[in-house]
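A.B. asks: Count along the sequence shown from 1, add 336, and you get the number used in the working numbering.
Once you've had a glance at the structure underneath, I'll fire off some questions.
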Amino acid sequence: MTAQDLINVLTILKANDSTSFSKIQRALKMSISQLEGIIDGLTAMGIVYKSSFTSYSLTELTSKPVVSDGVRKAFEDIITNRGTYLSEELLQKVSTPFIPLMTHEYKNAPVKVMIVGQETLGMEDAFSTIVSVDDYINESIESFNKFNFGEDLRNSHFWYAFDEVVKYFNLPSRRHAYWTNLHKFQLIENDGDSVSISKLPSKDIMTMIHMQRELFLAEIKDTKPDIIIYFTGGQTWVLDHYLNNGKKLAVKAIDERSHLGIIQTEFLHCPIAICTDHPSRRGYTQAIVDHRANLLKYAADKFHASESARV
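Spelled out as structure tokens, the structure:
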């Protein structure tokens, strides 16, 4: 292996978002063993990563999580025009938004898995308190940088389910998945035993959904997931409005929970989507665990079959 060999490989990788091993080999007329040695060395140094099961890409220089362009634009619209979307009363009732970020690890993951929960928790300030859009987004990025993806929550049903996803799709860590929620807002005051916006009057709930629709679509467009896993349970109906203009999504049930299962319509070029109960729902049972496991196995098997068909 020579310095020129390294330069030639890096030049090809730089010219393409993702390049297959065989394409590099053909272009440079290298032996398989010679190219494997170069790729393995570059991967070990963190210069190259495996972007799919057969392709490679250059690692980006930054390791910080980012707000993608489409998501930033959608949030700028929501925050700037909040007085148009929401009444003054609602602006005082709902929280500042949770802003999902795309990690460096997700961008480099060999399979792009998007995990969607129901709603955010822990946002204590009213939506009306945001002064600067840029400042709020930058503060969210700094806060996310300190987030440990639930590493200290040993007995959490949610993070246990998150780890199941990591295992089924052979992800190196939790940070290699993209995590978001259907609702980016919560109530800032407890209504009984919940801060869920589902406690709002129906008209206000629909207002919140319509305000967030373009944001959710921007997330899918920007993250380009191979698989979406909806831990949305009883809130899955919100997807009818986000993805299907209010019409009920076609969902193939795998057991008695007829509203949960395999989403049969492809949206925004994501071919595999499943919806199951939220891991932290009340009445947590083995049947719920089995339902989730069966759906995750289906999604993983379908993805691996599609990858094998491409080789």
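Backbone N, C-alpha and C fix where the C-beta goes; we use that ideal spot for every residue, glycine too.
Straight-line CA distance for residue 609 to residue 586?
C.D. replies: So the alpha carbons of these two residues sit roughly 11 Å apart.
A.B. asks: Determine the closest residue to residue 649 out of 374, 641 and 556, with distance taken between C-alpha atoms.
C.D. replies: Examination of residue 649 is not possible in this model, given that the chain is present from 337 through 647 alone.
A.B. asks: In terms of alpha-carbon separation, which member of 416, 616, 499 and 641 lies closest to residue 432?
C.D. replies: Here the closest residue by C-alpha is 416.
A.B. asks: Beta-carbon separation of residue 460 and residue 414 under 8 Å?
C.D. replies: No, these two residues do not count as a Cβ contact at 8 Å.
A.B. asks: Count the other CB atoms within 10 Å of the CB of residue 483; is the residue buried (16 or more) or exposed (fewer)?
C.D. replies: Exposed is the call here.
A.B. asks: Thinking just about the alpha-carbon of each residue, which of 539, 588 and 474 is nearest to the one in residue 600?
C.D. replies: Nearest option by C-alpha distance: 588.
A.B. asks: How far does the beta strand (DSSP E) with residue 587 in it reach, from first residue to last?
C.D. replies: Where residue 587 is concerned, the enclosing beta strand (DSSP E) stretches over 587 to 589.
A.B. asks: Counting only the same chain and skipping the five closest in sequence on each side, list residues whose C-beta sits under 6 Å from that of residue 366.
C.D. replies: Taken in chain order, the list of residues that qualify is empty.
A.B. asks: With a floor of 4 residues, list each alpha helix (DSSP H) that falls wholly inside the stretch 346 to 385, ordered by position along the chain.
C.D. replies: With a minimum length of 4 residues, the continuous alpha helix (DSSP H) runs that stay inside the stretch 346 to 385 are 357 to 364 and 368 to 380.
A.B. asks: So for residue 616, helix, strand or coil by DSSP?
C.D. replies: Of the three classes helix, strand and coil, the one that applies to residue 616 here is coil, per DSSP.
A.B. asks: Rounded to whole angstroms, what is the Cα-Cα separation between residue 612 and residue 562?
C.D. replies: Looking at the two C-alpha atoms, the distance is approximately 17 Å.
A.B. asks: Buried or exposed for residue 597, please, with buried defined as at least 16 other CB atoms from any protein chain shown within 10 angstroms of its CB.
C.D. replies: Burial call: buried.
A.B. asks: Going by DSSP, what residues sit across from residue 519 in a beta bridge?
C.D. replies: Paired residue(s): 455.
A.B. asks: Determine the extent of the beta strand (DSSP E) in which residue 567 is found, giving its start and end residues.
C.D. replies: From DSSP, the beta strand (DSSP E) with residue 567 extends over 563 to 567.
A.B. asks: When DSSP builds the beta bridges, which residues end up paired with residue 608?
C.D. replies: Bridge partners of residue 608: 563.
A.B. asks: From this set, 642, 569 and 575, which residue's C-alpha is nearest residue 627's C-alpha?
C.D. replies: Looking at the Cα atoms, 569 is the closest of the given residues.
A.B. asks: Ignore the nearest five residues each way along the sequence and tell me which others in residue 436's own chain have a CB closer than 6 Å to its CB.
C.D. replies: Around residue 436: 516.
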